[in-house]
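**Q** Handing you a structure now.
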Amino acid sequence: MMDAFTKLTGIAAPMPMANVDTDKIIPARFLKTIKRTGLGVHLFDTLRYDAEGRERPDFVLNREPYRKAEILIAHENFGCGSSREHAPWALLDFGIRCVIAPDFADIFHTNTFKNGILPIKLSREICDQLMEDAKLGENARITVDLAEQVVVRPNGERIPFEIDPFRKHLLLNGLDDIGQTLQHAPAIDAYEASQRADKSWMPGISV
Amino acid sequence: MAGSKVRTLFDKVWDAHVVERLPDGTCVLYIDRHLVHEVTSPQAFEGLRLAGRTVRRPDATIAVADHNIPTMGRAQGILEDDSRIQVETLERNVAEFGVPYFPILSPQQGIVHIIGPEQGISLPGTTIVCGDSHTSTHGALGALAFGIGTSEVEHVLATQTLLQRPAKNMLVRVDGDLPVGVTAKDIVLAIIGKIGTAGGTGHVIEFGGSAIRALDMAGRMTVCNMSIEAGARAGMIAPDETTFAYVTGRPYAPKGAALDKALAWWRSLPSDEGAVYDKTVVLDAAEIMPMVTWGTNPEAVVAINGVVPDPLAEADEGRRVQLTRMVEYMGLTVGQKMTDLPIDVVFIGSCTNGRIEDIRAAATIARGRKVAPGVRAMIVPGSGIVRDLAEAEGIDKVLIEAGFEWREPGCSMCLGMNPDKLTPGQRCASTSNRNFEGRQGPGGRTHLVSPAMAAAAAIAGHLVDPREYA
Ligand code: SF4
Chain S
15 MMDAFTKLTG IAAPMPMANV DTDKIIPARF LKTIKRTGLG VHLFDTLRYD AEGRERPDFV
75 LNREPYRKAE ILIAHENFGC GSSREHAPWA LLDFGIRCVI APDFADIFHT NTFKNGILPI
135 KLSREICDQL MEDAKLGENA RITVDLAEQV VVRPNGERIP FEIDPFRKHL LLNGLDDIGQ
195 TLQHAPAIDA YEASQRADKS WMPGISV
Chain X
989 MAGSKVRTLF DKVWDAHVVE RLPDGTCVLY IDRHLVHEVT SPQAFEGLRL AGRTVRRPDA
1049 TIAVADHNIP TMGRAQGILE DDSRIQVETL ERNVAEFGVP YFPILSPQQG IVHIIGPEQG
1109 ISLPGTTIVC GDSHTSTHGA LGALAFGIGT SEVEHVLATQ TLLQRPAKNM LVRVDGDLPV
1169 GVTAKDIVLA IIGKIGTAGG TGHVIEFGGS AIRALDMAGR MTVCNMSIEA GARAGMIAPD
1229 ETTFAYVTGR PYAPKGAALD KALAWWRSLP SDEGAVYDKT VVLDAAEIMP MVTWGTNPEA
1289 VVAINGVVPD PLAEADEGRR VQLTRMVEYM GLTVGQKMTD LPIDVVFIGS CTNGRIEDIR
1349 AAATIARGRK VAPGVRAMIV PGSGIVRDLA EAEGIDKVLI EAGFEWREPG CSMCLGMNPD
1409 KLTPGQRCAS TSNRNFEGRQ GPGGRTHLVS PAMAAAAAIA GHLVDPREYA
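Written out as structure tokens, the structure reads:
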């Protein structure tokens, strides 16, 4: 289902903005797809293109070497707004596998993991340092090592990060949540049958 | 657990739905109600199909198309290809997987967060999810209701559970009495202005206090709807007699002995005396004014007698840059009075304010008046039932006579996925919940307001204190 995430060395794109919302990541007009792929060209559409659809030369992902960025560095509350999973799909389709920010909106944070994208929370100060590194472009590749839980700066400095162990396990092994949960099917059956979960008062829905 | 310690409303609903607690604290959480719509479900059904899985509880699931359907001339079919394909895909999927569905021409059709409570599908004490962040709306009934992504939609379809960690508890208390003419929308905008768009991150907000208790269910839904704009996972309000009166008699609500049994459990849900919250915020209702957003996120909000703030007054550089960009995008000047802003479009609708009470509030102001020349004002009822009810009360006529467009139910200009969009530079007074750049159409400028202010702005031709039109 999803690709495993182990270790990544790549170009990081600096995006010094707070509250990057999901409408910015992928505007609603591109949500009319019934597939998960193909959204990369519309990633950050309004920031990336002008009204005539031409690239805005000053937007980071329109500049070399960031057209090939695999890591994105941003400020607070990244991914706020809607629950649309089209946001991580668009990031992934563009080639982004890791987003580093001081914090993330909850639903977006969950959605990234489910698509093999690693969200890393680091302090604003460290994010700013990494952004300075990222400005050096090609000469300053950043390494993200999930097993070791470190981000390695171009100067070799190792910055540890925290991650939920369960999410780490799934990501390292490319495991699908549903498969995991279905291992608990007997517990779900037992819950449905139990007195504690007595839902006999709750009518079933049929039309 | 049960009964052993003082618990919040959230704790109680959560505890009652934990199927299994894994060693690291992640819980397998049982989901009672799953609402499905056309935009965030196609890839989920496709995932089931590829893995050879089925829907575990079709009888706990309801599907409806709302986000991208047209709100005029619907009987002629959907003209836009991609929207039509998405709706047809939903119809194929519900047929294949046996999921109950309200067809787009049926009166039960409407915005997913309007129809859940309206049909009695959303009930107190239940867990409710939907692939849409404004699922928080249903928390007004005392349910734990939250938005999920498409992978989680697939997960719930397949397993009727989610893998979740408990959220933290936050209490937002609004004490005292609201001034006359100030509404639920103003309360929630004032809350977001105070705590910010990330103020609730990681938390479930319980709204309490006498001003919340005094709200009707429509108002409570408006407040919980925008919990997500404060960054919270969900918003909840303890169920009380107002809630029970609302639920009783709805098509899918329990009846007779089942209702008695349900009521016994619902009455046990309010937070225990002495329950502890990780965070508490208190607002004085008497100080809340009619509110309006000036910028491009919901925390950029001021009272209607306020002015466009000066970004240079901000200490933090990042924020200064962000606010400067907002002033520019919104086409404003620093110090400009909000009431001096002319309006091109008025949108009354959405899951925040598309209920009958909201339309009545607009009609009260519109009665005997005319929409200002050059203003396009549209009313989009939240469901077929809201539309029928308004027509039965004759308030559609009042609005049409005043110059409002009376449309068919759906999300419409809340997110501009259907033909209802702003054009670049247009300024809109909108009763929806998001004012992000381009949310209502590329280049569009959104001011979030209450239905009363939206209607008053349509008449005045500029943003205005609705109390002047009472
Ligand atoms: S009305 Fe707007 S916010 Fe509500 S569900 Fe529809 S698009 Fe989402």
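Sequence order for the protein chains is S and X. Numbered per the numbering used here, the first sequence spans residues 15 to 221. Numbered per the numbering used here, the second sequence spans residues 989 to 1458. All C-beta atoms, glycine included, are put in the ideal place defined by N, C-alpha and C. It should be emphasised that the depicted structure is a prediction, and the values quoted were computed from it without experimental measurement.
1) Applying a beta-carbon distance threshold of less than 9 Å, which residues of chain X neighbour I134 (chain S)?
2) Answer with yes or no whether the minimum CB distance from P1412 (chain X) to chain A is below 8 Å.
3) What are the residues of the segment 163-188 of chain S that lie near chain X, defined by any Cβ-Cβ distance shorter than 8 Å?
4) Throw me the rounded Cβ distance for the A1218 (chain X) and I1180 (chain X) pair, which I believe falls under 8 Å.
5) Taking Cβ to Cβ, would you say T1147 (chain X) is nearer than 8 Å to L196 (chain S)?
6) From Y80 (chain S) to P116 (chain S), what does the alpha carbon distance come to, in whole angstroms?
7) Output the distance between the C-alpha atoms of T1205 (chain X) and G1113 (chain X), rounded to the nearest integer angstrom.
8) Looking at S1338 (chain X) and the ligand SF4, is the gap between the Cβ and the nearest heavy atom below 7 Å?
9) Please list, in chain order, the residues of the segment 1425-1446 of chain X that have any C-beta partner in chain S closer than 8 Å.
10) Consult DSSP for L1247 (chain X) and reduce its assignment to one of helix, strand or coil.
11) Under DSSP, the alpha helix (DSSP H) around V1386 (chain X) begins and ends at which residues?
12) Which residues in the same chain as D37 (chain S) place their Cβ atom closer than 8 Å to its Cβ, once the five residues preceding and following it in sequence are excluded?
13) Is the beta carbon of K1243 (chain X) closer than 8 Å to that of G1190 (chain X)?
14) Given a threshold of 16 other Cβ atoms within 10 Å of its Cβ, counted over all protein chains shown, does V977 (chain X) qualify as buried or as exposed?
15) Quick check: C1479 (chain X) and A1128 (chain X), are their CB atoms within less than 8 Å of each other?
16) Could you tell me whether the segment 1151-1167 of chain X touches the segment 999-1016 of chain X, where touching means 3 or more Cβ pairs closer than 8 Å?
17) I1099 (chain X): beta carbon under 7 Å from a heavy atom of the ligand SF4?
18) Identify the contact partners of P30 (chain S) in chain X, using a Cβ-Cβ distance below 9 Å as the criterion.
19) Quick check on the DSSP output: the alpha helix (DSSP H) that includes A1186 (chain X) runs from which residue to which?
20) Report yes if the CB atom of A88 (chain S) is closer than 8 Å to the CB atom of V113 (chain S), and no otherwise.
21) Tell me whether C1399 (chain X) counts as near the ligand SF4, meaning its Cβ is closer than 7 Å to at least one heavy atom of that ligand.
22) Express the C-alpha separation of Q1096 (chain X) and E146 (chain S) in angstroms, rounding to a whole number.
23) Could you tell me which residues DSSP pairs with L1145 (chain X) in its beta bridges?
24) Do the CB positions of I50 (chain S) and T1028 (chain X) come within less than 8 Å of each other?
25) Taking the straight line between their C-alpha atoms, what separation do you get for C986 (chain X) and D1012 (chain X)?
26) Of all the options X:T1049, X:F1392, X:K993, which has the alpha carbon lying nearest to the alpha carbon of S220 (chain S)?
27) Quick one: grab the DSSP three-state call for P116 (chain S).
28) Going by the beta-carbon positions, is the gap between V1100 (chain X) and Y1089 (chain X) smaller than 8 Å?
29) Helix, strand or coil for W1394 (chain X)? Go by DSSP, reduced to three states.
30) Under 8 Å between C-beta atoms, does K149 (chain S) make it to chain X?
31) Using the rule of at least 16 other Cβ atoms within 10 Å of the residue's Cβ for burial, across every protein chain shown, is D107 (chain S) buried or exposed?
32) Hey, is D1120 (chain X) close to the ligand SF4, as in C-beta under 7 Å from one of its heavy atoms?
33) Would a check of beta-carbon distances place A65 (chain S) closer than 8 Å to chain X?
34) Along the alpha helix (DSSP H) that carries E1026 (chain X), what are the first and last residues, could you check?
35) Mapping DSSP to helix, strand and coil, what is E66 (chain S)?
36) Along the alpha helix (DSSP H) that carries A148 (chain S), what are the first and last residues, could you check?
**A** This is what the structure gives:
1) In chain order: nothing, as chain X lies at least about 16 Å away.
2) Reference to chain A is not applicable here, since the protein chains of this structure are S and X.
3) Within the segment 163-188 of chain S, the qualifying residues are D178, P179, F180.
4) Contact holds; Cβ gap of about 5 Å.
5) For the pair T1147 (chain X) and L196 (chain S), the CB atoms are nearer than the 8 Å cut-off.
6) A straight line joining the alpha-carbon of Y80 (chain S) with that of P116 (chain S) spans about 21 Å.
7) The sequence given here places Met at residue 1205 (chain X); Thr does not occur at that position. If I take the Cα positions, the gap works out to 16 Å.
8) It does: the Cβ of S1338 (chain X) is within 7 Å (strictly closer) of some heavy atom of the ligand SF4.
9) Under the 8 Å Cβ criterion, the segment 1425-1446 of chain X contributes E1425, G1426, R1427, P1430, G1431.
10) In the structure shown, L1247 (chain X) sits in a helix (DSSP, three-state: H, G or I).
11) The continuous alpha helix (DSSP H) containing V1386 (chain X) extends over residues 1383-1390.
12) Answer for D37 (chain S): G95, S96, listed in chain order.
13) No, the pair does not count as a contact, with Cβ atoms beyond the cut-off.
14) As shown, chain X starts at 989 and ends at 1458. That puts residue 977 (chain X) outside it, with no answer to give.
15) Here chain X covers residues 989 to 1458 and nothing more, so residue 1479 (chain X) does not appear.
16) Enough Cβ pairs lie closer than 8 Å, so yes.
17) Checking every heavy atom of the ligand SF4 against the Cβ of I1099 (chain X), one is found closer than 7 Å.
18) For P30 (chain S), the chain X residues whose Cβ falls inside 9 Å of its Cβ are G1306, V1309, in order along the chain.
19) In the DSSP assignment, A1186 (chain X) falls outside any alpha helix (DSSP H) and carries neither an H nor an E.
20) A contact, by the Cβ cut-off of 8 Å.
21) Within the cutoff, so yes.
22) So the alpha carbons of these two residues sit roughly 54 Å apart.
23) According to DSSP, L1145 (chain X) bridges with nothing at all.
24) Reading off the sequence, residue 50 (chain S) comes out as Arg, not Ile. Contact check for R50 (chain S) against T1028 (chain X) fails: the beta carbons are separated by 8 Å or more.
25) A question about residue 986 (chain X) goes unanswered here, because the residues of chain X that appear run from 989 up to 1458.
26) The shortest C-alpha separation from S220 (chain S) is found at X:T1049.
27) In the structure shown, P116 (chain S) adopts coil according to DSSP, grouped into three states.
28) No, the Cβ-Cβ distance between V1100 (chain X) and Y1089 (chain X) is not below 8 Å.
29) The answer is strand: DSSP assigns W1394 (chain X) an E or B state.
30) Not closer than 8 Å to any Cβ of chain X, the Cβ of K149 (chain S) fails to qualify, so no.
31) D107 (chain S) is buried by the Cβ-count criterion.
32) For D1120 (chain X), the distance from the CB to the nearest heavy atom of the ligand SF4 is below 7 Å.
33) Interface residue (Cβ-Cβ distance to chain X less than 8 Å): A65 (chain S) is classified as such.
34) Taken as a continuous stretch (DSSP letters only), E1026 (chain X) belongs to no alpha helix (DSSP H), as it is neither H nor E.
35) E66 (chain S): coil per DSSP, three-state reduction.
36) For A148 (chain S), the enclosing alpha helix (DSSP H) has its first and last residue at 138-148.
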